[in-house]
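Participant: The sequence shown begins at 1 in full-length UniProt numbering and counts up by one. For every residue, glycine included, the Cβ atom is placed at its ideal position computed from N, Cα and C.
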Amino acid sequence: MKRTSGFNTGAGVFAIAIALCATHAAAQETGVSGDTVEEIVVTATRRAANVQDIGIAVTAHGGDRLLELGLRDTTDLAAMTPGLQFVSPGGPPVAGLISIRGVSQNDFAGHIEPANAFYIDEVYQPSSGSSVQQLFDVGRVEVLKGPQGTLFGRNATGGLVHIISNQPGDELDGYVFSPSF
1 MKRTSGFNTG AGVFAIAIAL CATHAAAQET GVSGDTVEEI VVTATRRAAN
51 VQDIGIAVTA HGGDRLLELG LRDTTDLAAM TPGLQFVSPG GPPVAGLISI
101 RGVSQNDFAG HIEPANAFYI DEVYQPSSGS SVQQLFDVGR VEVLKGPQGT
151 LFGRNATGGL VHIISNQPGD ELDGYVFSPS F
């Protein structure tokens, strides 16, 4: 004669009770919700397009998102962008070596052009010393991963970082930012 333990019987009864008591999920009402997906327009292919419609691995951060996250400079940007690193060759970041998906350079001399391109408002910055920038009055930042030589030239072997400033408008505006410690 085989005995069943009380634990196995109790667990089976409990599982059956849960299955019988389960109710179907009611569909949510269609209405205006607080969570909306913002359309991000990038110029990664030299013309404005939705970030989901281009065939390039790109990470884009809008200016409002940069303020919301408290990103002050490009070294802070690396913490929020997958595959991007800014390596400082000792001390405070004076010259940042950009590494995108592991592609970087091992020298930061001024006459050596980096393997990853750095652009500010579509102007190439050839020196690695210009890659540490304050993110002030920025419209968006685009990080393109992978070789971009056909669109951006020979020095975009690993990818590029492109900072696009806010466009001037007809109205006077400004903001004050107070960091929290």
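#1: Could you tell me the alpha carbon to alpha carbon distance between L97 and L71, rounded to whole angstroms?
#2: Would DSSP call A48 helix, strand or coil?
#3: Taking the alpha-carbon of V161 as reference, which of I120, G153, A11 and P168 has the nearest alpha-carbon?
#4: Which residues in the same chain as R101 place their Cβ atom closer than 8 angstroms to its Cβ, once the five residues preceding and following it in sequence are excluded?
#5: Going by DSSP, what residue range makes up the alpha helix (DSSP H) through T150?
#6: Check each candidate in G10, D170, S130 and R140 and name the one with the smallest Cα separation from V58.
#7: Which value, in whole angstroms, describes the spacing of the CA atoms of E142 and V103?
#8: Do Y124 and G153 have their C-beta atoms closer together than 9 angstroms?
#9: Please list the terminal residues of the continuous alpha helix (DSSP H) segment that includes A72.
#10: Can you list, in chain order, the residues of its chain with a C-beta nearer than 7 angstroms to that of L69? Leave out the 5 residues immediately preceding and following it.
#11: Just reading off the beta strand (DSSP E) that V87 is part of, what are its end residues?
Facilitator: With the given structure in hand:
#1: 18 angstroms
#2: coil
#3: I120
#4: G83, K145, G146, G158 and G159
#5: G149 to F152
#6: R140
#7: 17 angstroms
#8: yes
#9: The residue you asked about is not Ala; residue 72 is Arg in the sequence shown. Element bounds for R72: n/a, residue is neither H nor E.
#10: M80
#11: L84 to V87
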